[in-house]
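Enquirer: Note that this note's numbering has the sequence shown beginning at 992, numbered continuously upward.
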Amino acid sequence: MNCLKCTYKLVLLSNRRQYKCALCSNLYPPKDIENREFQKLNELQKIQDVSNLNLQRKQKLNQIRDIKKALKHLFNGKPESYSKEYINQKSREWRAKHREQDLKRKREYNQRNKEVVNLRCRIRNYRVRQGQLALELSEDLDSPITIPSLC
Ligand SMILES: [Zn+2]
């Protein structure tokens, strides 16, 4: 609650049942101040409501747009630009055209995700090693069992 003249904070004088400005000493009846506070609160509430409504409307419009798009795809089929092959082809073309940028992007990604990249690399190595071991084992099984002679 602030003074109407100087906007300084008001204090409630309990013995006189009035609000007083500590700066300009103006006095206000409590009803006036409380009404003003109520109006201010109402105003704020109204602004909040309008912004909430706008947000809801926007969400609703987005939903409708998505539904329209889905229906269109359902009846007309998805456009070519949605297919995985098309997207892959386009990104391959982009990478070929922007080689430097692509390398920079990859370098930055690797820098940012060092641990994940290292982990993936280790997993790949383990898989390769596992494959080699399996191959060696299967070769061992194919060959006749030889018992080392004890001389
Ligand atoms: Zn004042």
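Glycine included, each C-beta is placed from N, C-alpha and C at the ideal position. Note that this is a predicted model, so its numbers are computed, not measured.
Exposed or buried, what is Y1019 when buried is set at 16 or more other beta-carbons lying within 10 Å of its beta-carbon?
Expert: buried
Enquirer: Please give me, in chain order, every unbroken run of the alpha helix (DSSP H) with length at least 4 that falls completely inside the segment 1034 to 1095.
Expert: 1075 to 1088
Enquirer: Do you know how far the Cα of N1079 is from the Cα of A1087?
Expert: 12 Å
Enquirer: How many Å lie between F1029 and N1053 at the Cα?
Expert: 36 Å
Enquirer: Tell me which same chain residues have a C-beta within less than 6 Å of the C-beta of L995, skipping the five on either side of it?
Expert: none
Enquirer: Can you list, in chain order, the residues of its chain whose CB lies under 7 Å from that of I1024, leaving out five sequence neighbours each side?
Expert: M992, L1001, Y1010
Enquirer: With DSSP collapsed to three states, give me the class of Y1117.
Expert: helix
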